[in-house]
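For what it's worth, the working numbering labels the leading residue of the sequence shown as 7, then goes sequentially. Using N, Cα and C, we set each Cβ at its ideal position, and we do this for glycine too. Structure, as structure tokens:
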Amino acid sequence: MEYHTGYIQKLTGLSEENPERNRRFYDLWGYDFLWIVDDGLHGNWLKKGRATDMGHASYASDGSDKRNSVESPFKTPEDVWAFDPIKEYGFPDFDEQVKAYEDFIKKERQMYPEQLTTGGYYKTIISGAIQAFGWDMLLMAASDSDKFEKVLDGFFRFTLYHMEAWAKTSVEVIIQHDDFVWASGPFLHPEFYRKAIISRYKELWKPLKKAGKKVLFCSDGDFRIFANDIVKAGADGLIFEPVNNFKFMAENFGDSVCLVGSAVDCRDMTFNKWEQV
């Protein structure tokens, strides 16, 4: 919603320069929590080593969210199989990372006292591979599942370092974001997901659970086939698109898991009839 600057100004009566504007907007709309993730002090991989950027179309009214694509520096599957994100991007100093996360959380709580401020991580495993390689090279490298799993393990270890840092902070809730499926569902063999990806989610969440944190798992696409696996791995909540079918999620997990989603979204309101909305 923050992209709709004109609407927010009209609703709140505050200019874009006023630091109170978003807080008033969140309160007026009854926001419960703010979807926030932070990939850490070394989160800008393009400044640290080889990475790509598939760009971003203009959605904001002023076009401020538009990004041009950056071509993948990886040209062959062998380039991908030889890659280690830890060697490429390096870890930030652990104590400095913990302090940066804690300072960020405290600042957000002061700014938005009526909302839950989450911590989290965006480029977890598959999203990390997308950011590094781009889709074409990722899919080509996935043709050898053993070699590809070793590459994904590097992104897992890079993410684990940041989960251990978040565990040292006072944050209550962590969002684990990983766009690991498509709108049509999994693009890899389901058992590979369970063996190579979801099993690693469980390991990511161990330090968080030990520290008393709650974990909300978030992904674009349809991951209903894996929802139970993710909950068993330790997720306290699921954040999902309407393609997952809210009724299915509510019937299967509504009594024990926090669900963040909707039966309809902007596509229904844009393209469907009023009866559907």
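Report yes if the CB atom of residue i is closer than 8 Å to the CB atom of residue j, and no otherwise.
| i | j | result |
| --- | --- | --- |
| Ala239 | Tyr207 | yes |
| Gln182 | Tyr95 | no |
| Ile236 | Arg163 | no |
| Val187 | Gly227 | yes |
| Ala202 | Leu158 | yes |
| Asp44 | Tyr107 | yes |
| Leu214 | Trp172 | yes |
| Asp142 | Ser78 | yes |
| Phe31 | Thr18 | yes |
Heavy atom of the ligand GTP less than 7 Å from the Cβ of residue i, yes or no?
| i | result |
| --- | --- |
| Arg206 | Questions concerning the ligand GTP fall outside what the structure shown contains, since it holds no ligand whatsoever. |
Where residue i and residue j are concerned, what is the direct C-alpha to C-alpha distance, given to the nearest angstrom?
| i | j | result |
| --- | --- | --- |
| Lys138 | Glu281 | The amino acid occupying residue 138 in the given sequence is Ala; Lys does not appear at that position. Those two C-alpha atoms are separated by around 43 Å. |
| Phe293 | Ser21 | Residue 293 lies beyond the stretch modelled for the chain, which goes from 7 to 283, so this question has no answer here. |
| Val249 | Arg27 | 32 Å |
| Lys72 | Met60 | 11 Å |
| Val221 | Lys212 | 10 Å |
| Ala217 | Lys279 | 47 Å |
| Gly267 | Lys253 | 10 Å |
| Gly36 | His48 | 34 Å |
| Thr82 | Ile136 | 15 Å |
| Lys285 | Thr276 | No statement about residue 285 is possible, as the shown extent of the chain runs from 7 to 283 and does not include it. |
| Gln99 | Glu257 | Per the sequence shown, residue 99 should be read as Asp rather than Gln. Roughly 44 Å separates the two Cα atoms. |
| Asp33 | Glu84 | 51 Å |
| Gln121 | Ser176 | 15 Å |
| Glu247 | Thr165 | 24 Å |
| Arg29 | His195 | 44 Å |
| Ile131 | Leu144 | 12 Å |
| Gly160 | Ser205 | 14 Å |
| Asp90 | Asp261 | 41 Å |
Which residue's Cα is closest to the Cα of residue i: the options?
| i | options | result |
| --- | --- | --- |
| Val179 | Glu102, Arg230, Leu244 | Leu244 |
| Val86 | Trp188, Gly19, Tyr107, Ser151 | Ser151 |
| Thr123 | Lys153, Thr175, Phe39, Asp45 | Phe39 |
| Glu170 | Lys105, Gly69, Gly55 | Lys105 |
| Gly55 | Leu17, Phe97, Val263 | Phe97 |
| Cys264 | Phe223, Ala189, Cys272 | Phe223 |
| Gly191 | Ser225, Thr58, Leu144, Val270 | Ser225 |
Would you list the one or two residues that DSSP bridges to residue i?
| i | result |
| --- | --- |
| Tyr188 | The sequence shown places Trp at residue 188, rather than the Tyr named in the question. Trp188 is bridged to Gly191. |
| Thr123 | Leu40 |
| Phe223 | Gln182, Leu244 |
| Leu265 | Leu244 |
Would residue i pass as an interface residue toward chain B - the criterion being a Cβ-Cβ separation below 8 Å?
| i | result |
| --- | --- |
| Thr123 | The structure shown contains no chain B, having only a single protein chain. |
Item to check | Length-filtered (4 minimum) alpha helix (DSSP H) runs lying within the segment 105-168 | outcome: 132-139, 141-147
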